[in-house]
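Trainee:
There are 2 protein chains.
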Amino acid sequence: MASSEQTAVPNELLRSFALERVLDQDPRARTASLLGQLEGEQVVLLLEKTHFSEAFLQQPTFASLSSLGANDVYNWLLGWQPDGGDPHVKMTLIRPATQAHIEKYTAQKRFMVTESPEVYASVVEPWLKAQPLARIQWVYNILEKKKEAESILYEDADSESGFIVVPDLKWDRRTLSSLYLVAIVHNRALRSLRDLTKEHVGLLRKIQRQALQVAQDKFGLAQGGLRCFLHYQPTYYHLHVHILAADYTSHPGAIVGGAHLLDDVIDLLQLGVDFRSRTLTYSLGERSELLGVLRQAGHV
Amino acid sequence: MASSEQTAVPNELLRSFALERVLDQDPRARTASLLGQLEGEQVVLLLEKTHFSEAFLQQPTFASLSSLGANDVYNWLLGWQPDGGDPHVKMTLIRPATQAHIEKYTAQKRFMVTESPEVYASVVEPWLKAQPLARIQWVYNILEKKKEAESILYEDADSESGFIVVPDLKWDRRTLSSLYLVAIVHNRALRSLRDLTKEHVGLLRKIQRQALQVAQDKFGLAQGGLRCFLHYQPTYYHLHVHILAADYTSHPGAIVGGAHLLDDVIDLLQLGVDFRSRTLTYSLGERSELLGVLRQAGHV
Numbered sequence: 173m174a175s176s177e178q179t180a181v182p183n184e185l186l187r188s189f190a191l192e193r194v195l196d197q198d199p200r201a202r203t204a205s206l207l208g209q210l211e212g213e214q215v216v217l218l219l220e221k222t223h224f225s226e227a228f229l230q231q232p233t234f235a236s237l238s239s240l241g242a243n244d245v246y247n248w249l250l251g252w253q254p255d256g257g258d259p260h261v262k263m264t265l266i267r268p269a270t271q272a273h274i275e276k277y278t279a280q281k282r283f284m285v286t287e288s289p290e291v292y293a294s295v296v297e298p299w300l301k302a303q304p305l306a307r308i309q310w311v312y313n314i315l316e317k318k319k320e321a322e323s324i325l326y327e328d329a330d331s332e333s334g335f336i337v338v339p340d341l342k343w344d345r346r347t348l349s350s351l352y353l354v355a356i357v358h359n360r361a362l363r364s365l366r367d368l369t370k371e372h373v374g375l376l377r378k379i380q381r382q383a384l385q386v387a388q389d390k391f392g393l394a395q396g397g398l399r400c401f402l403h404y405q406p407t408y409y410h411l412h413v414h415i416l417a418a419d420y421t422s423h424p425g426a427i428v429g430g431a432h433l434l435d436d437v438i439d440l441l442q443l444g445v446d447f448r449s450r451t452l453t454y455s456l457g458e459r460s461e462l463l464g465v466l467r468q469a470g471h472v
Numbered sequence: 173m174a175s176s177e178q179t180a181v182p183n184e185l186l187r188s189f190a191l192e193r194v195l196d197q198d199p200r201a202r203t204a205s206l207l208g209q210l211e212g213e214q215v216v217l218l219l220e221k222t223h224f225s226e227a228f229l230q231q232p233t234f235a236s237l238s239s240l241g242a243n244d245v246y247n248w249l250l251g252w253q254p255d256g257g258d259p260h261v262k263m264t265l266i267r268p269a270t271q272a273h274i275e276k277y278t279a280q281k282r283f284m285v286t287e288s289p290e291v292y293a294s295v296v297e298p299w300l301k302a303q304p305l306a307r308i309q310w311v312y313n314i315l316e317k318k319k320e321a322e323s324i325l326y327e328d329a330d331s332e333s334g335f336i337v338v339p340d341l342k343w344d345r346r347t348l349s350s351l352y353l354v355a356i357v358h359n360r361a362l363r364s365l366r367d368l369t370k371e372h373v374g375l376l377r378k379i380q381r382q383a384l385q386v387a388q389d390k391f392g393l394a395q396g397g398l399r400c401f402l403h404y405q406p407t408y409y410h411l412h413v414h415i416l417a418a419d420y421t422s423h424p425g426a427i428v429g430g431a432h433l434l435d436d437v438i439d440l441l442q443l444g445v446d447f448r449s450r451t452l453t454y455s456l457g458e459r460s461e462l463l464g465v466l467r468q469a470g471h472v
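Printed below as a string of structure tokens:
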């Protein structure tokens, strides 16, 4: 939404906002999600400070300044921006807000759980096999070129060792430092990291090589600029590899206890480690369905 | 620094600031570091938007609002905060700024490098052995209770399988969601993950168990609330384990291609994987000394 589309809104809009509770906040990202009442409706209000504009960085200007202290070469200051300058807050108002909206924006505590091969066989595998196939129909739509065909950056069509590379929907397809692609394999028997053995080294090496080639050819990324990883547990049970810019170091999806570096997976498979016999530890959100299943079975 | 220490600063202070270049910026964190000239001196100016105050979250109030658009239940708005409300920007002015200051706040491109056991033996190990021991004197000071003795949360004094647990200096010792401790082993022969074999499983298990105990007893953290990991490459070559709240998912130090989950390391050692024979892939900043050494040897 360009700023040219901005239209004035009566200042009264938020005057009657009555906070019920702060659903979540991230002081580092300067964001907060609020639940409240507005004119008789339940609403979710998402607040995020805007980033500095280029113009502001060129010439930082403040309506007032105050000093917080100083020590040697360090001076700490607070500044208030003048009115009419950069907007201070970007907001999203969801009105009316449903329970689903409320949950989506509520902080979820995370728990580390440890899954032995026995727990996988007795609890996790039966649970994932019971999931309706419809949940990954969207993946099959991509593989069958029914959807997003125009987005495909590379394809190896082999049904056993082939895969496609597409941009992740979260990426703006421009900013190199947040480059995010995904490789989805054609082999529908491979559900996750758990299914990988030495015979898959060839497939994974091909993905690694082609991901780098695509990122270089299509987006100009330099050698060594990619951090490729698999998730365990994944969001969907069809093997895929996340392809992220190496510079993108604050991405929550790339952290240990969730992400497994593709190079590490290949190295371990080559050393003879069979992921079917590994004990894998990962974090789950408190509202995760799998966490409930594991708890019910007495494993958490 | 409490707000009661604030003193007014002449608005003219930044008027003469002349930008040389933007050293770094993080749009998600709303931060920027600028290099410029101020009254004849080279200065570094660090800008970060402040977080919302509790009072503001209770009753979000704006001097003006404009609409960016709407779609179904979603409304996007920009708001300008009234003067006299929350400060919009927190700053640190470093004046005069040295080359070290400039480098510290300049973005560093990251490169993934792959280290085979042969590259370790021929390039990395000789390089780290040549590092002056003085670089880890501060670690020995902690282990010998010459420094930070009052901070020690737990100690197992065994010289082979013992360790101490201390809060990481980055942690405020209060906020559970950003809890950050570190376990430092007593055994000075263990430099990094590279040195670990099956015989160290006992040591690592003890660290894991005691880290959880300390986090529960001293800070009230719940079961399953910790993400423990080792870095490779580490910042210093004396074996230590990072102990982080599982909720702290945006920490750049916890990502794959750098961090190795302690549970995964234990599992692999138990499966008979010897870290001395692994191929390890990690990211290095473009100004890293080790990257230079690896490049010189023709390995990057």
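Protein sequence lines correspond, in order, to chains A and B.
For the first sequence, the numbering used here begins at 173 and goes up steadily by one.
For the second sequence, the numbering used here begins at 173 and goes up steadily by one.
By construction, the Cβ of each residue, glycine as well, lies at the ideal position given by its N, Cα and C atoms.
Quick one: list the residues of chain B neighbouring A/Asp-419, beta-carbon separation under 7 angstroms, in chain order.
Mentor: On the first sequence, residue 419 of chain A is found 247 positions in, with the first residue counted as 1. Within chain B, the residues near A/Asp-419 are Lys-281 and Arg-282.
Trainee: Out of curiosity, what's the CA-to-CA distance linking A/Arg-218 and A/Met-263?
Mentor: Numbered from 1 along the first sequence, position 46 holds the residue referred to as residue 218 of chain A. Numbered from 1 along the first sequence, position 91 holds the residue referred to as residue 263 of chain A. Position check: residue 218 of chain A holds Leu in this sequence, whereas Arg was assumed. Their backbone Cα atoms lie some 5 angstroms apart in a straight line.
Trainee: Please identify the residue among A/Lys-378, A/Arg-363 and A/Lys-319 whose C-alpha is closest to the C-alpha of A/Leu-305.
Mentor: On the first sequence, position 133 is the one that residue 305 of chain A refers to. Closest by alpha carbon: A/Arg-363.
Trainee: Could you check the C-alpha separation between B/Val-437 and A/Pro-268 for me, to the nearest Å?
Mentor: As a first step, residue 437 of chain B is located in the second sequence; it is residue number 265 there, counting from the start. As a first step, residue 268 of chain A is located in the first sequence; it is residue number 96 there, counting from the start. Distance between the alpha carbons of B/Val-437 and A/Pro-268: 48 angstroms.
Trainee: Which residue comes first and which comes last in the alpha helix (DSSP H) that contains B/Glu-457?
Mentor: Taking the first residue of the second sequence as 1, we reach residue 457 of chain B at position 285. For the record, residue 457 of chain B in the displayed sequence is Gly; it is not Glu. Not the alpha helix (DSSP H): B/Gly-457 falls in the beta strand (DSSP E), residues 452-457.
Trainee: Rounded C-beta distance between B/Ile-314 and B/Tyr-326? I'm assuming under 8 angstroms.
Mentor: Position 142 of the second sequence, counted from the first residue, corresponds to residue 314 of chain B. Position 154 of the second sequence, counted from the first residue, corresponds to residue 326 of chain B. At roughly 13 angstroms, the Cβ-Cβ gap does not stay under 8 angstroms, so B/Ile-314 and B/Tyr-326 are not in contact.
Trainee: What are the partner residues of A/Ile-356, as DSSP defines its beta bridges?
Mentor: Stepping through the first sequence from its first residue, residue 356 of chain A is reached at position 184. In DSSP, A/Ile-356 forms a bridge with A/Ile-336 and A/His-412.
Trainee: Just grab the DSSP bridge partners of B/Trp-299 for me.
Mentor: What you label residue 299 of chain B is simply residue 127 of the second sequence in a count that begins at 1. According to DSSP, B/Trp-299 bridges with nothing at all.
Trainee: Residues of the stretch 219-241 of chain B with a CB closer than 8 angstroms to any CB of chain A: list them in chain order, please.
Mentor: Within the stretch 219-241 of chain B, the residues whose Cβ lies closer than 8 angstroms to some Cβ of chain A are Leu-219, Lys-221, Thr-222, His-223, Phe-224, Leu-229, Gln-230, Gln-231, Pro-232, Thr-233, Phe-234, Ala-235, Ser-236, Leu-237, Ser-238, Ser-239, Leu-240 and Gly-241, listed in chain order.
Trainee: Starting from A/Ile-266, follow its DSSP beta bridges and name the residues at the other end.
Mentor: Translated into the one-based positions of the first sequence, residue 266 of chain A becomes position 94. Its beta-bridge partners are A/Val-216 and B/Tyr-246.
Trainee: Is there a Cβ from chain A that is less than 9 angstroms from the Cβ of B/Phe-391?
Mentor: The residue you call residue 391 of chain B lines up with position 219 of the second sequence. No, B/Phe-391 lies away from the interface with chain A (no Cβ there is under 9 angstroms from its Cβ).
Trainee: The stretch 246-273 of chain A: which residues have C-beta closer than 7 angstroms to a C-beta of chain B, in chain order?
Mentor: Those would be Tyr-246, Asn-247, Trp-248, Leu-249, Leu-250, Gly-251, Trp-252, Gln-253, Asp-255, Pro-259, His-260, Val-261, Lys-262, Met-263, Thr-264, Leu-265, Ile-266, Arg-267 and Pro-268, in chain order.
Trainee: Cβ of A/Ile-427 less than 9 angstroms from any chain B Cβ?
Mentor: Here the question's residue 427 of chain A lines up with position 255 in the first sequence. Yes, because at least one Cβ of chain B sits closer than 9 angstroms to the Cβ of A/Ile-427.
Trainee: Do A/Asp-198 and B/Ser-422 have their beta-carbon atoms positioned less than 9 angstroms apart in this structure?
Mentor: Along the second sequence, read from residue 1 onward, the residue named residue 422 of chain B stands at position 250. Along the first sequence, read from residue 1 onward, the residue named residue 198 of chain A stands at position 26. Yes.
Trainee: Contact defined as beta carbons within less than 8 angstroms: I believe A/Leu-165 pairs with A/Leu-375. What is the distance between those atoms, to the nearest angstrom?
Mentor: Outside the displayed range of chain A (173 to 472) lies residue 165 of chain A, so it cannot be described from this structure.
Trainee: How many angstroms separate the CA atom of A/Ile-324 from the CA atom of A/Tyr-352?
Mentor: The count along the first sequence starts at 1 and reaches residue 324 of chain A at position 152. The count along the first sequence starts at 1 and reaches residue 352 of chain A at position 180. Computed Cα separation, rounded: 14 angstroms.
Trainee: Check A/Val-465 in the structure and name its three-state DSSP category.
Mentor: In the first sequence, counting from the first residue as 1, residue 465 of chain A sits at position 293. A/Val-465 falls in the helix class under three-state DSSP.
Trainee: For chain B, check one thing: does any of its Cβ atoms lie closer than 9 angstroms to the Cβ of A/Ala-180?
Mentor: For the purposes of this step, residue 180 of chain A is taken as residue 8 along the first sequence, with counting starting at 1. Yes, A/Ala-180 lies at the interface with chain B (some Cβ there is under 9 angstroms from its Cβ).
Trainee: On the DSSP bridge list, what partners appear for B/Lys-221?
Mentor: Taking the first residue of the second sequence as 1, we reach residue 221 of chain B at position 49. Partner(s): B/Val-261.
Trainee: For A/His-403, which of helix, strand or coil comes out of DSSP?
Mentor: Working through the first sequence from its first residue, we reach residue 403 of chain A at position 231. A/His-403 falls in the strand class under three-state DSSP.
Trainee: Are the CB atoms of A/Ala-201 and B/Ala-361 within a distance shorter than 9 angstroms?
Mentor: Locating residue 361 of chain B in the second sequence gives position 189, counting from the first residue. Locating residue 201 of chain A in the first sequence gives position 29, counting from the first residue. The answer is no: Cβ separation not under 9 angstroms.
Trainee: Which same chain residues end up closer than 7 angstroms to A/Leu-466 when comparing Cβ atoms and leaving out the 5 residues on each side of it in sequence?
Mentor: Position 294 of the first sequence, counted from the start, is the residue given in the question as residue 466 of chain A. Same-chain partners within the cutoff: Val-285, Val-295 and Val-472.
Trainee: Tell me the rounded alpha-carbon separation between A/Leu-265 and B/Ser-238.
Mentor: Counting from 1 along the first sequence, the entry for residue 265 of chain A is found at position 93. Counting from 1 along the second sequence, the entry for residue 238 of chain B is found at position 66. Their backbone Cα atoms lie some 12 angstroms apart in a straight line.
Trainee: Under a Cβ-count criterion, where at least 16 other Cβ atoms within 10 Å of its own Cβ denotes burial, should B/Asp-439 be classed as buried or exposed?
Mentor: Here residue 439 of chain B is taken as the residue at index 267 of the second sequence, counted from 1. Buried, because 16 or more other Cβ atoms sit within 10 Å of the Cβ of B/Asp-439.
Trainee: Could you tell me whether any Cβ in chain A is nearer than 9 angstroms to the Cβ of B/Ala-355?
Mentor: In the second sequence, counting from the first residue as 1, residue 355 of chain B sits at position 183. So, not an interface residue.
Trainee: For the beta strand (DSSP E) containing A/Gly-429, name the first residue and the last one.
Mentor: As a position in the first sequence, residue 429 of chain A is number 257, starting the count at 1. First-last for A/Gly-429: undefined, no H or E at that position.
Trainee: Pair every Cβ in the stretch 380-392 of chain A with every Cβ in the stretch 406-413 of chain B, then say whether three or more of these pairs are closer than 8 angstroms.
Mentor: At 8 angstroms Cβ cutoff, the stretches do not touch.
Trainee: Do we get a CB-CB distance below 9 angstroms when we pair B/Phe-335 with the residues of chain A?
Mentor: In the second sequence, the residue the question calls residue 335 of chain B occupies position 163. With 9 angstroms as the cut-off, B/Phe-335 does not count as an interface residue toward chain A.
Trainee: Does B/Pro-286 come within less than 9 angstroms of chain A when only Cβ atoms are used?
Mentor: Here residue 286 of chain B is taken as the residue at index 114 of the second sequence, counted from 1. Checking the sequence, you will find Thr at residue 286 of chain B rather than Pro. With 9 angstroms as the cut-off, B/Thr-286 counts as an interface residue toward chain A.
Trainee: Whole angstroms are fine: how far does the CA of A/Val-357 sit from the CA of A/Glu-473?
Mentor: Shown here, chain A extends from 173 to 472; a query on residue 473 of chain A therefore has no answer.
Trainee: Let me know if B/Asp-419 comes out buried or exposed under the rule of 16 or more other beta-carbons within 10 Å of its beta-carbon.
Mentor: One-based indexing of the second sequence puts residue 419 of chain B at position 247. So B/Asp-419 counts as buried.
Trainee: Distance, Cα to Cα, B/Thr-222 vs B/Gly-251?
Mentor: The sequence position of residue 222 of chain B within the second sequence is 50, counting from 1. The sequence position of residue 251 of chain B within the second sequence is 79, counting from 1. Cα to Cα, B/Thr-222 sits roughly 15 angstroms from B/Gly-251.
Trainee: Have a look at A/Ser-188, A/Ala-227, A/Ser-449 and A/Glu-461 and flag the residue whose alpha-carbon is nearest the alpha-carbon of A/Glu-211.
Mentor: Counting from 1 along the first sequence, the entry for residue 211 of chain A is found at position 39. Nearest option by C-alpha distance: A/Ser-188.
Trainee: Using the Cβ count rule (16 or more neighbours within 10 Å means buried), how would you classify B/Ala-302?
Mentor: Taking the first residue of the second sequence as position 1, residue 302 of chain B is located at position 130. So B/Ala-302 counts as exposed.
Trainee: Please classify B/Gln-405: is it buried, with 16 or more other beta-carbons within 10 angstroms of its beta-carbon, or exposed?
Mentor: Here the question's residue 405 of chain B lines up with position 233 in the second sequence. Classification for B/Gln-405: buried.
Trainee: Output the boundary residues of the alpha helix (DSSP H) element that contains A/Leu-375.
Mentor: Reading the first sequence from its first residue, position 203 is the one you call residue 375 of chain A. Its alpha helix (DSSP H) spans residues 373-391.
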